[in-house]
Amino acid sequence: MAAEGKPSSRADVAESRAISEARFSAALLTAYRELELPTQFGSLIQCAVEWTGAACGIGLGAAEARRVFIPLVATFSKEDPRFAAFTRLHPERLTEWLPEGCRVFKGLGPFAAITTAWPGERPAHVAAFPVLGPENRWAGVLLLMYDEPPDPDRIQRVAELIVQARPAVRNALKLLSLRELVIKDDTANCFNRRHFEEFLPEELSRASRFRRSRHGPAWISMRGKRASIA
0 MAAEGKPSSR ADVAESRAIS EARFSAALLT AYRELELPTQ FGSLIQCAVE
50 WTGAACGIGL GAAEARRVFI PLVATFSKED PRFAAFTRLH PERLTEWLPE
100 GCRVFKGLGP FAAITTAWPG ERPAHVAAFP VLGPENRWAG VLLLMYDEPP
150 DPDRIQRVAE LIVQARPAVR NALKLLSLRE LVIKDDTANC FNRRHFEEFL
200 PEELSRASRF RRSRHGPAWI SMRGKRASIA
């Protein structure tokens, strides 16, 4: 792991490891209990924020048969402009940005390339944690944002937790694949009625929040990972 952070004294290292050791088993158990990738990411992010003192965090995870990663969960609301600021991320870019695992960057680092207009002042530092299943299959990335350089030893403990959670990530990816089989018609390779009935209430609610209905009639796109209303 490469990290641009302040050095820690032996006392700081002992303290950080004592804190994380006390919570490590419980955090890992929570990750294994979560079957859905977003809730699994959420538990890992919450733990990482508590351990490292991050200001906030967001998880970008698998979508569209894992061809792209999109924002799945964050410590702030999905209505927060920071959530919408992140665009799609292709796994190939992560292999370039994080060739040796987790890393701490100044500002948003290379992840600034996948963000639109950032609301307010950008974070001073961001820690990026790749999330992989067995056989190094990418499931996504967790981004933690800081106002001050984070403690490298605490960053390392979070990285260890994510590595040990790989079997749980594998199970979540399998569930995602099974769900795609359920909501798609094999012959036409398009979404079926089950998917339509699941997404429609959520999309109508989202359209209502953004008052899209005032700008004209709604139309439904069935492209990509899921359908959407515009």
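Residue 0 is where the sequence shown starts when you use numbering that gives the first Met the number 0, and the numbers rise one by one after that. Built from N, CA and C at the ideal position, the CB exists for glycine as well.
> For ILE69, which beta-bridge partners are listed by DSSP?
Replying inline: Secondary-structure assignment with DSSP links ILE69 through a beta bridge to GLY60.
> For PHE85, which beta-bridge partners are listed by DSSP?
Replying inline: As computed with DSSP, PHE85 is found in a beta bridge with THR114.
> In whole angstroms, what is the alpha-carbon distance linking LEU172 and PRO129?
Replying inline: In this model, LEU172 and PRO129 are separated by some 15 Å (Cα to Cα).
> Any idea what DSSP makes of LEU93, helix, strand or coil?
Replying inline: If DSSP states are grouped into helix, strand and coil, LEU93 belongs with the helices.
> Which residues bound the alpha helix (DSSP H) around ALA54?
Replying inline: Segment: none, ALA54 is in no alpha helix (DSSP H) and carries neither H nor E.
> Skipping 5 residues on each side, what residues in its chain have a beta carbon closer than 8 Å to that of LEU34?
Replying inline: Cβ neighbours of LEU34 beyond the five flanking positions: ASN170, ALA171 and LEU174.
> Any idea if ASP152 is buried or exposed, counting beta-carbon neighbours within 10 angstroms, 16 or more meaning buried?
Replying inline: Around the CB of ASP152, 16 or more other CB atoms lie within 10 Å, so the residue is classed as buried.
>> Quick check on LYS173: does DSSP put it in helix, strand or coil?
In response: Assigned with DSSP and collapsed to three states, LYS173 falls in helix.
>> Please classify ALA112 as buried or exposed, where buried requires at least 16 other C-beta atoms within 10 Å of its C-beta.
In response: Result: exposed.
> Mind checking GLY58: buried by the 16 CB within 10 Å criterion, or exposed?
Replying inline: Its Cβ being crowded by 16 or more others within 10 Å, GLY58 is buried.
> Hey, PRO37 and GLY60: beta-carbon distance below 8 Å or not?
Replying inline: Cβ atoms of PRO37 and GLY60: closer than 8 Å.
> Who are PHE104's beta bridge partners in DSSP?
Replying inline: VAL125, per the DSSP bridge assignment.
> Are ALA259 and THR115 closer than 8 Å when you measure CB to CB?
Replying inline: Residue coverage of the chain in this structure runs from 0 to 229, which leaves residue 259 outside it and unanswerable.
> Can you tell me whether GLY119 is buried or exposed, with buried defined as 16 or more other CB within 10 angstroms of its CB?
Replying inline: GLY119 comes out exposed.
>> Can you look up ALA25 in the DSSP assignment and give me helix, strand or coil?
In response: It is helical.
> Taking all protein chains shown into account, do 16 or more other C-beta atoms lie within 10 angstroms of the C-beta of PRO122, making it buried, or fewer, making it exposed?
Replying inline: Buried, by the Cβ-count rule.
>> Taking the beta carbon of ALA25 as the centre, do at least 16 other beta carbons fall within 10 Å, making it buried, or is it exposed?
In response: The residue is exposed, with fewer than 16 neighbouring Cβ atoms inside 10 Å.
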